[in-house]
Amino acid sequence: MSRMVSFLVLLAIIVVIGIFFYRVMASFFVPLFLAAVLVTIFRPVHEWILARLKNGRRRAALATTALILVIVLAPIITIVSLGALEGSRLLGRVNVGTLRDRVVSMRAAFGLNIPFNEQIKSIERTLDRLLNDSTNSQFPLNHDESLRRVTGQIAQLHRELLD
5 MSRMVSFLVL LAIIVVIGIF FYRVMASFFV PLFLAAVLVT IFRPVHEWIL
55 ARLKNGRRRA ALATTALILV IVLAPIITIV SLGALEGSRL LGRVNVGTLR
105 DRVVSMRAAF GLNIPFNEQI KSIERTLDRL LNDSTNSQFP LNHDESLRRV
155 TGQIAQLHRE LLD
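Per the working numbering, residue 5 is the first one in the sequence shown, and the count goes up by one each step.
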């Protein structure tokens with residue numbers, strides 16, 4: 005019996021260590037995989053460069069690394085730069101009014117309209133104004149009236165939701 009308990013404790017310790025190992029190493033898996041792929045792809049290139057530079061292992065490694073940077077990173081940098089440029093051009097052409105109308109029409113087409121949207125927006129505006137007034141220590145004369153009005157709006161919305 006004690007052997008079985010000892011085995012289970014050992015197994016639990018191994019599982020816990022395995023979980024911690026995975027959590028530490030998880031961020032390294034993608035770079036390790038990428039390195040393995042690049043080594044597989046560029047080993048023949050490195051051997052070719054090494055044959056051309058007789059007894060120049062360090063220079064061949066430098067030349068291969070530079071070639072990999074040019075072949076791999078240059079297209080990535082180009083694509084990201086073009087994407088950023090295209091995105092900035094797109095933002096320059098966006099018309100907020102047209103975009104808002106399209107969002108409203110898509111909500112209607114997919115049945116995603118928010119019920120009681122205007123009432124909720126009115127309550128939010130009133131609460132935002134009251135919050136801004138209270139944080140700025142500016143209490144207007146109609147502070148109580150605004151609170152009464154928003155309380156009435158919330159009560160009316162609650163009744164409509166129950167119906």
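Every residue gets a Cβ at the ideal spot worked out from N, C-alpha and C, and that includes glycine.
Inset, instruction - Confirm, please, whether the CB-CB distance from Val154 to Thr130 is below 7 Å. - result: Val154 sits close to Thr130, with the two beta carbons spaced by under 7 Å.
Inset, instruction - Starting from the Cα of Lys125, find the closest Cα among Gln157, Thr68 and Arg47 and give me that residue. - result: When C-alpha distances from Lys125 are compared across Gln157, Thr68 and Arg47, the shortest belongs to Gln157.
Inset, instruction - Write down the C-beta distance between Ala64 and Leu54 rounded to the nearest angstrom, noting that I regard them as a contact closer than 8 Å. - result: Right, the Cβ-Cβ distance comes to about 4 Å (below 8 Å), so this counts as a contact.
Inset, instruction - Report, in whole angstroms, the separation of the C-beta atoms of Leu135 and Leu151, which I expect to be a contact under 8 Å. - result: The beta carbons of Leu135 and Leu151 sit about 12 Å from each other, so the pair does not count as a contact at 8 Å.
Legend entry - Coarse secondary structure for Phe11, derived from DSSP in three states: Helix.
Inset, instruction - Under the assumption that Phe120 contacts Glu164 (Cβ atoms under 8 Å), give the Cβ distance between them as a whole number of angstroms. - result: So it is a contact: roughly 6 Å between Cβ atoms.
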